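A short write-up of the structure that comes next.
Residue numbers (this note's numbering): 17 to 103.
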């Protein structure tokens with residue numbers, strides 16, 4: 017089972033463990049690309065963050081709708097590992 021560490025309001029691929037394929041897929045996404053993930057049993061859409069002002073890619077993704085509500089709702093558990101998979 018792959019897991020992600022709760023570390024920030026954004027989900028950073030470097031915090032995904034036991035699933036290099038998913039980690040690399042998120043890293044390779046372009047700004048604005050969407051991916052559907054199930055995090056701790058909650059399905060939702062995630063959006064690749066915009067590139068920085070200097071043009072460098074930002075590797076993180078941010079939850080949309082249900083995914084955002086759930087991810088933000090578990091921020092008090094920073095440091096915990098929760099399940100993650102692509103839907």
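Heads up, the beta-carbon is just placed ideally off N, CA and C, and yes, glycines get one too. The structure displayed is predicted, hence computed values, not measured ones.
Beta-bridge annotation (DSSP): residue 53 is paired with 60, 102. If you look at residue 42, you'll find it isn't in any beta strand (DSSP E); it sits in the alpha helix (DSSP H) that goes 36-44.
Taking all protein chains in view, the Cβ of residue 45 is crowded by 16 or more other Cβ atoms within 10 Å, so the residue is classified as buried. Burial of residue 60 is indicated by the presence of at least 16 other C-beta atoms within 10 angstroms of its C-beta. Annotation: residue 84 to residue 65 spans about 13 Å, alpha carbon to alpha carbon. Assigned with DSSP and collapsed to three states, residue 48 falls in coil, not helix or strand.
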